[in-house]
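Structure, as structure tokens:
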Amino acid sequence: MRLAQKKAADVMQLQEKLSQRRDAVGMVSSERESYLAMSEVLLELTRVIPAGSWTRRVILSQEQVNVTGESDQAAELITLLERTSLFEAVRFKSPVVQNRRNGKEVFDLTMQLTRESVQ
């Protein structure tokens with residue numbers, strides 16, 4: 072009888088561990104689904120940013136994107152980026168300046184990922 076009780080206790084302990092691990096896997100899967108893939112953000116930036124513009128640096132965090140680059144018309148980028156379903160609250164982090172060598176406008180933008188894109 073004691074052997075059966077010990078085995079039953081061992082089985083219950085293993086079931087509890089299995090349940091905890093399933094919960095942990097479920098939590099990780101849920102968290103992973105809530106993050107937007109960087110490739111999706113880069114694809115959208117590539118699609119939206121017009122010819123005559125390019126990026127030097129893209130920094131992606133959980134809810135925000137920072138983009139530094141050069142453009143023929145940097146102010147136009149805000150409108151183009153806010154028209155997408157991916158970005159909102161697009162603004163310059165610093166004043167736009169002109170690159171004297173090539174005449175392009177150097178920009179440093181920050182934007183929030185929309186709630187729909189994060190969920």
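Whatever position you read off the sequence shown (first residue = 1), add 71 for the numbering used here.
Where a beta carbon is used, it is the ideal one built from N, C-alpha and C, also for glycine.
These numbers come from a predicted model, not from an experiment.
If you follow the alpha helix (DSSP H) that residue i is in, where does it begin and where does it stop?
i: residue 112; result: 109-119
i: residue 150; result: 145-153
What would DSSP say about residue i, mapped onto helix, strand or coil?
i: residue 61; result: In the structure as shown, the chain begins at 72 and stops at 190. Residue 61 is therefore absent and cannot be evaluated.
i: residue 84; result: helix
i: residue 77; result: helix
i: residue 161; result: strand
i: residue 189; result: For residue 189, the predicted model reports a pLDDT of 47, less than 50, meaning its position is unreliable; a value from the coordinates is still stated below. Residue 189: helix per DSSP, three-state reduction.
i: residue 174; result: coil
Spell out the partners DSSP gives residue i in its beta bridges.
i: residue 91; result: Residue 91 pairs with nothing; no bridge assigned.
i: residue 181; result: 137 and 162
i: residue 167; result: Paired residues: none, contrary to the question.
Is the beta carbon of residue i within less than 7 Å of some heavy atom of the ligand MG?
i: residue 183; result: By its list of ligands, the structure shown contains no ligand whatsoever, and the ligand MG lies outside what it can speak to.
At which residues does the beta strand (DSSP E) containing residue i begin and terminate?
i: residue 126; result: 124-131
(request) Could you say if the segment 139-152 and the segment 107-126 meet the contact criterion of at least three C-beta pairs nearer than 8 Å? (result) yes
(message) Check whether the segment 166-179 and the segment 150-157 touch, using three or more Cβ-Cβ pairs below 8 Å as the test.
(response) no
(request) Report yes or no: do the segment 73-91 and the segment 128-145 share at least 3 C-beta pairs separated by less than 8 Å? (result) no
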